Amino acid sequence: MSAIITDQQARDFAQGLYDARRTGVPIAAFTDTMPDLGMEDGYAIQEHLVRMLVADGEVICGYKLGLTSTAMQTLLGVDQPDFGPVFASTVFRDGAELPVDRFIAPRMEAEIGVILAEDLTGPHCTPADALQATRGLVASLEIVDSRIRDWKIKLADTVADLASNGAIALSSTVVPVDGFDPRLIGMIFTRNGEVIATGAGAAAMGDPLATVAWLANTLAPMGVVLPAGSVIMTGALHAMVPVQPGDVFRADFDRLGPITIRMASE
Amino acid sequence: MTLPTDEIARTLIEAARQRTAVLPLTNEYPDLDAATAYTVQDAVVQARVEAGAVVIGAKLGLTSVAKQQQMNVSEPLYGWLTDDMQLDTGQTLICSDYIQPRCEPEIAFLLKDDLRGPHVLAAHVLAATALVFPAIDILDSRFAGYKFTGSDVIADNSSCAGFVFGGQGIDPRGIDLKLVGCTFEKNGRLLATAAGAAVLGHPAASVAWMVRRMAARGQGLTAGQVVMAGALTEAVAVSPGDTVVARFDRLGTVELPCR
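Chains C and D, in that order, give the protein sequences. Following the working numbering, the numbering of the first sequence begins with 229 at its first residue and continues without gaps. Following the working numbering, the numbering of the second sequence begins with 516 at its first residue and continues without gaps.
Encoded structure:
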């Protein structure tokens, strides 16, 4: 499949998302007016948007995978995940307080983060190759956000919108994969002390390292290598959860430890 | 009003014997409350014992808040396991032995000490446990289509029908069971993932709750008995040809082929 929009249209749509990010005012889904837009169109828009943000000084420090669960893929009618860049300005530490007004419609997800020790290059990357290039895993949370009004997204919309990434928070403890299976890492997700969900690493496409290999292989035709030091957010281990000001979210991972963030009160 | 608990129990015993589902008891007896339902359960289990079965442990049901809300109840429930329900590691589930079998992954406890009384906590459960196992619980509601209220399912011995342990048991004292990850798959396809906290926040706390609930009825657990601590994920229906697998971090794997 190839993109159906022109380069100029992609640029215009990217400008719409760029403005929404700056003003905090969401926009209508592109698929409302052009229902046939597909994944390739989404990435064409994303590419323009990333270029604009990098020109503003944003630095790509990694990537996030989205749509890694069967449930989400079924919902959006796809059989593969999507990805977007993570900007260094959106990375928070364990224990951080996040300003709510930075987001439009934030939701929270607990994920396993992968930190690369070596460059990872597709297109023939296997999960074992990904493991080989991995420095370790980190407990992490992702704040997803949609610049598309009310999260009324189809595939092209969320891909264009940087795979709905808002921000991430990472534990400072990077745990080498040694003597345990990332697929079986247990996780307890709590909001304000209440258990909202539990899950295990396999919720991300069956294996968090398989998502990393998929990303390397998907980036390869674009000439993109995953550089050493990158963080890869491998996908939610549970259904995403709405966020209110003042909420405290914690994810406790077996093997990796906890990560906690607080949303600032308005 | 006094309900005919022995007669109600006979309905369930016959349903299990003939492998034919019945309508919810609460259709006919809308006043069936939890206390009366446990009296029916006692009679159902007693009938199995009189037929030669031996009580070898207990199981919990409705251990997740989501399931309790769905069933409109405010607490979990328990039932009794008998030796005619057990499958050994590597054995096959014969679907025709059941009405409508479903499987779910659980963490199981093998006790080395008695556990009884109103003050039992998770700590006591861990101290009284010899080993914990990866396990699959086999449910078989005697009610058509698993349509029941909380009282119905208590009376039906909490849908107890079978269980199997994995071939590896470990001492629980060095690990935190609430964090143990679990994947559940059928025929090689991942159905769900979870961690131990899915059952009342901690599997040992789940068992402790049951022991306290049993104490209120003069019941308890004895050394050598097994406890299924509650489902970590939704149950899945099984048919001949299916294989379900539950993998647990630190505990190991349990697999159940069906024919």
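C-beta: ideal position from N, C-alpha, C; glycine also. All values derive from a computational prediction rather than experimental measurement.
Euclidean distance between Cα positions of residue i and residue j
i, j, result
"SER493 (chain C)", "GLN472 (chain C)", "8 Å"
"THR748 (chain D)", "LEU608 (chain D)", "20 Å"
"VAL569 (chain D)", "GLN740 (chain D)", "11 Å"
"PRO633 (chain D)", "ASN672 (chain D)", "22 Å"
"PRO327 (chain C)", "GLN301 (chain C)", "30 Å"
"ASP612 (chain D)", "ARG377 (chain C)", "53 Å"
"SER721 (chain D)", "ILE489 (chain C)", "29 Å"
"MET468 (chain C)", "ARG335 (chain C)", "6 Å"
"ALA750 (chain D)", "VAL253 (chain C)", "43 Å"
"ALA524 (chain D)", "GLY341 (chain C)", "53 Å"
"ASN587 (chain D)", "TYR661 (chain D)", "15 Å"
"ASP409 (chain C)", "ARG363 (chain C)", "15 Å"
"VAL759 (chain D)", "PRO772 (chain D)", "6 Å"
"LEU575 (chain D)", "VAL726 (chain D)", "10 Å"
"SER317 (chain C)", "PHE763 (chain D)", "37 Å"
"TRP442 (chain C)", "TRP595 (chain D)", "47 Å"
"ALA676 (chain D)", "ALA231 (chain C)", "55 Å"
"LEU627 (chain D)", "HIS639 (chain D)", "First, the residue type needs correcting, since residue 627 (chain D) is Lys and not Leu in the sequence shown. Cα-Cα distance, rounded: 12 Å."
"ALA566 (chain D)", "THR604 (chain D)", "25 Å"
"GLY451 (chain C)", "ARG250 (chain C)", "30 Å"
"ILE424 (chain C)", "ASP235 (chain C)", "43 Å"
"ASP757 (chain D)", "PHE699 (chain D)", "13 Å"
"VAL282 (chain C)", "ALA272 (chain C)", "16 Å"
"CYS697 (chain D)", "ASP548 (chain D)", "34 Å"
"VAL476 (chain C)", "ASP322 (chain C)", "12 Å"
"VAL635 (chain D)", "TRP379 (chain C)", "47 Å"
"PRO486 (chain C)", "TYR291 (chain C)", "21 Å"
"ALA730 (chain D)", "ARG330 (chain C)", "53 Å"
"GLN237 (chain C)", "ALA248 (chain C)", "17 Å"
Within 8 Å, strictly: CB atoms of residue i and residue j
i, j, result
"ALA712 (chain D)", "THR426 (chain C)", "yes"
"THR781 (chain D)", "GLY745 (chain D)", "No information on residue 781 (chain D) is available, as it lies outside the stretch 516 to 774 that chain D covers here."
"ASP557 (chain D)", "LEU518 (chain D)", "no"
"GLY266 (chain C)", "LEU383 (chain C)", "yes"
"PRO591 (chain D)", "TRP724 (chain D)", "yes"
"ALA345 (chain C)", "ALA456 (chain C)", "yes"
"VAL366 (chain C)", "LEU398 (chain C)", "yes"
"LEU538 (chain D)", "ALA659 (chain D)", "yes"
"ILE396 (chain C)", "SER368 (chain C)", "yes"
"VAL668 (chain D)", "ILE651 (chain D)", "no"
"VAL278 (chain C)", "PRO313 (chain C)", "yes"
"ALA531 (chain D)", "SER666 (chain D)", "no"
"VAL695 (chain D)", "ALA710 (chain D)", "yes"
"GLU370 (chain C)", "MET461 (chain C)", "yes"
"ARG534 (chain D)", "ILE614 (chain D)", "yes"
"LEU359 (chain C)", "VAL405 (chain C)", "yes"
As assigned by DSSP and simplified to three states, the class of residue i
i, result
"PHE658 (chain D)", "strand"
"TYR553 (chain D)", "helix"
"PHE331 (chain C)", "coil"
"ASP612 (chain D)", "helix"
"ASP310 (chain C)", "strand"
"GLY594 (chain D)", "strand"
"ASN587 (chain D)", "coil"
"GLU325 (chain C)", "strand"
"PRO633 (chain D)", "coil"
"ALA316 (chain C)", "helix"
"VAL278 (chain C)", "helix"
is_contact[residue i, chain A] using C-beta, thresh 8 Å
i, result
"ALA431 (chain C)", "This model lacks chain A altogether, as its protein chains are C and D."
Every unbroken beta strand (DSSP E) within the stretch 409-491 of chain C, with a cutoff of 3 residues, ordered by chain: 414-419, 422-428, 459-464, 476-481 and 485-491
query: For the stretch 651-710 of chain D, which segments carrying the alpha helix (DSSP H) assignment without a break, of at least 4 residues, lie completely within its bounds, in sequence order?
result: 665-670
message: As an exercise, report each continuous alpha helix (DSSP H) stretch of at least 4 residues that is fully enclosed by the stretch 358-391 of chain C, in chain order.
response: 383-388
message: When you compare the stretch 672-692 of chain D with the stretch 384-403 of chain C, are there three or more beta-carbon pairs, one atom per stretch, that lie closer than 8 Å?
response: no
- request: Mind the definition here: the stretch 283-299 of chain C touches the stretch 424-444 of chain C only if three or more C-beta pairs lie below 8 Å; say whether that holds.
  value: yes
message: Just to confirm the assignment: which complete alpha helix (DSSP H) runs, minimum length 4, are found wholly within the stretch 282-306 of chain C?
response: 298-304
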